[in-house]
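For reference, the structure is listed below as C-alpha cells.
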Ligand SMILES: Nc1ncnc2c1ncn2[C@@H]1O[C@H](COP(=O)(O)OP(=O)(O)OP(=O)(O)O)[C@@H](O)[C@H]1O
Ligand SMILES: Nc1ncnc2c1ncn2[C@@H]1O[C@H](COP(=O)(O)OP(=O)(O)OP(=O)(O)O)[C@@H](O)[C@H]1O
Ligand SMILES: [Ca+2]
Ligand SMILES: [Ca+2]
Ligand SMILES: [Ca+2]
Ligand SMILES: [Ca+2]
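This is the structure in C-alpha cells:
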C-alpha cells in the first residue's frame, strides 16, 4: 500500500514538502488553520483541509493516527508546534518530524517524543556557506569526511579540452561522472567529449584532490 | 589575500552562515540593526556591527564595496531586503547573494541585479521530502529536475549480487558510481564486485528510474 503522509502548516517549508511529495507521486494530506493556505494547496495535495491541530478531537477526526508519517511545519507559533506534537505522540503516529525554531524548542520536542527534529534555516545556512566559499562549486554531496561529489562550473582553463586530454583521473584521482550542458545531462560522457566553458561537471573524488584540481583548473584568475 | 565576506541579518539563516564561514576559517563581518543579535555574534564573527543597511552612507562607511561576497539574509522585512540589495548593486559589490521570501521577491531581486537568490525554507523542504519518502535514501544531490545522485542503503534483496548480475544500467538506466562500506569508499567499483547488505550505493540516474529501482530492489518488505 502507498505510504500516507500528512503535513501540518503550509508556510514555505511545509508547502515545499507538500509539493515535492506530490511530485514524487505520494499521497499527502495538507493541513492548515488558515483558509487561504488550504485553498492554495487544494490542487497540489491529495487532500487539503482547514483545521487547528492543537485540538485533539480535530486530529482524531482526521484519522491522523493512520498516517505513516506526519510533518509538523508550524514555524513562529512555537506553542502550536509543541501542542500539536504532543497530540501526535499521544495518538501514537508512527513517524513524527517537526521543524524547530531554536535549540530550546528542539529540546522540548525531543522530550515529548518527536522522532526527528529539523532546522531548515540553519541547515540551509551551512549548505550555502559551503557553496559561497568556492564560486566554482555549485552544489555538493558529502559521501564521507574525505570524499565528496561536487558540481563544478567549467571555465576557460578547461574549455575545448576532452576528458582524455584533461586526464583528471591520473592527475587528481577524480572522475567526471556526468556533464550538465544547459538543460541536458550526459550521465556517461565519452572520453573524447570536449568540455565547454559554462558546462557543469559532476565530479567524484577525495576532498583534498578536488580542491587541488579546482585551484589548478577552475579558479579563474581573471576575476 | 583571504576572501572577505559580510552577512547582513543575523536570524537563523544568516546566523548559521556566519558560524559556518567562521568554522571554515573565513573572515566574516556580521551586520544587524538589532543590538542583541550583534552581541550574540560578537564572538563568532571576525567583526559584528550594529547598522541599518538600508542607509547608503552606513554601507559606504562600512567599506562594503571592498567585500568579495555579501549575503543579505533579511527575511520578513522584504522592503529592507530590497533596499539593501539595491544599494549593494549600486556600490558594485562583486558577489551578492540574497534570501527571498517568495517568487515575487525573487523576481524583484533578480531585476535589481542580485547575483544569486536563495530560498532556504523551500529548498530544505525539498530535501526533507526526499529523505522521508524513502528510508533507504540517506542523502542526495539534485542534478536537475529529472536527474539525481542518491545514496541508497543496500538491503537483503541485493545482498551477495555482483554489479554485473544486478545489471542496473540495462534494467533501470542507473549507474552505481561508488560503494561505501563502513569507512571505505570505492569510487570505481569492479563489475564483479559483490554487494553486501548494509553497503551504501552511490547511484546516478533519472528520478523516476531511481524510484522504480528502489521499489523493486531496496524497499524491504519485512517492515
Ligand atoms: N495550530 C495550528 N493548526 C494548523 N496550522 C497552523 C497552526 N499554527 C500555525 N499554523 C500554520 O502553520 C503555517 C506555518 O507557520 P509560520 O508562522 O511558520 O509561517 P511561515 O513563517 O510562513 O513558515 P515558513 O518559515 O515555513 O515559511 C502557517 O500557514 C499557519 O497558519
Ligand atoms: N535594514 C536592516 N538592516 C540590518 N539588519 C536588518 C534590517 N532589517 C532586518 N534586519 C535583521 O535581519 C534579521 C533577520 O530578519 P528576519 O525577520 O527574517 O528574522 P528571522 O525570521 O529570525 O530570520 P530566519 O528566518 O533566518 O530565522 C533580523 O535579526 C533583523 O534584525
Ligand atoms: Ca517562519
Ligand atoms: Ca568534509
Ligand atoms: Ca523568517
Ligand atoms: Ca525533482
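Protein chains in written order, with my numbering: chain U, 508 to 730; chain E, 508 to 730. No residue lacks a Cβ here, since even glycine has one placed at the ideal position from N, Cα and C.
Within a Cβ cutoff of 7 Å, which residues of the same chain sit near residue i, ignoring the five residues on either side of it in sequence?
i: residue 655/U; result: 647, 648, 649, 714, 717
i: residue 729/E; result: Low per-residue confidence applies at residue 729/E: pLDDT is 45, beneath 50, and the placement is therefore not dependable enough to give any value.
From what residue to what residue does the beta strand (DSSP E) around residue i run?
i: residue 655/E; result: 654-660
i: residue 534/U; result: 534-539
i: residue 622/E; result: Careful: residue 622/E lies outside any beta strand (DSSP E) and carries neither H nor E.
i: residue 564/E; result: Note, residue 564/E: premise wrong, no beta strand (DSSP E); alpha helix (DSSP H) at 563-568.
i: residue 555/E; result: 554-557
i: residue 483/U; result: In the structure displayed, chain U extends from 508 to 730; residue 483/U sits before or after that span and is not available.
Kindly list the residues whose CB is nearer than 6 Å to the CB of residue i, restricted to its own chain and excluding five residues on each side of it in sequence; keep chain order.
i: residue 603/E; result: 577, 595, 621, 622
i: residue 722/E; result: none
i: residue 712/U; result: 680, 681
i: residue 511/U; result: 534, 574, 575
i: residue 667/U; result: 701
Based on DSSP bridge pairs, tell me the residues matched to residue i.
i: residue 669/E; result: 701/E
i: residue 547/U; result: Per DSSP, none; premise fails for residue 547/U.
i: residue 511/U; result: 534/U
i: residue 688/E; result: 691/E
i: residue 606/U; result: 625/U
i: residue 647/E; result: 657/E
Taking 8 Å as the limit between beta carbons, can you name the residues of its chain near residue i, skipping five residues before and five after?
i: residue 556/E; result: 536, 537, 538, 545, 569
i: residue 520/E; result: 580, 582, 606, 627
i: residue 548/E; result: 517, 522, 525, 537, 539, 555
i: residue 725/E; result: 641, 643, 659, 660, 661, 662, 664, 665
Does any heavy atom of ligand 2 sit closer than 7 Å to the C-beta of residue i?
i: residue 723/U; result: no
i: residue 567/E; result: no
i: residue 544/E; result: yes
i: residue 558/E; result: yes
i: residue 539/E; result: yes
i: residue 643/U; result: no
i: residue 519/E; result: yes
i: residue 700/U; result: no
i: residue 571/E; result: no
i: residue 587/E; result: yes
Just to confirm the assignment, what range does the alpha helix (DSSP H) spanning residue i have?
i: residue 634/E; result: 627-640
i: residue 530/E; result: 519-530
i: residue 596/U; result: 585-597
i: residue 724/E; result: 714-724
i: residue 675/U; result: 675-679
Any heavy atom of ligand 7 closer than 7 Å to the beta-carbon of residue i?
i: residue 591/E; result: What this structure holds is ligand 1, ligand 2, ligand 3, ligand 4, ligand 5 and ligand 6, not ligand 7.
Residues of the region 688-706 of chain U with Cβ closer than 9 Å to any Cβ of chain E, in chain order: 690, 691, 692, 694, 695
Select from the region 615-629 of chain U all residues with a C-beta closer than 9 Å to any C-beta belonging to chain E, and list them in chain order. 623, 625, 626, 627, 628, 629
Against chain E, which members of the region 529-541 of chain U pass a CB distance test of less than 7 Å? 531, 533
Identify each residue in the region 713-729 of chain U for which the Cβ-Cβ distance to at least one residue of chain E is less than 7 Å, and report them in chain order. none
Chain U contacts made by the region 577-605 of chain E, where a contact means CB separation under 9 Å: 578, 580, 582, 601, 602, 604
Using a beta-carbon distance cut-off of less than 9 Å, what residues from the region 561-575 of chain U approach chain E? none
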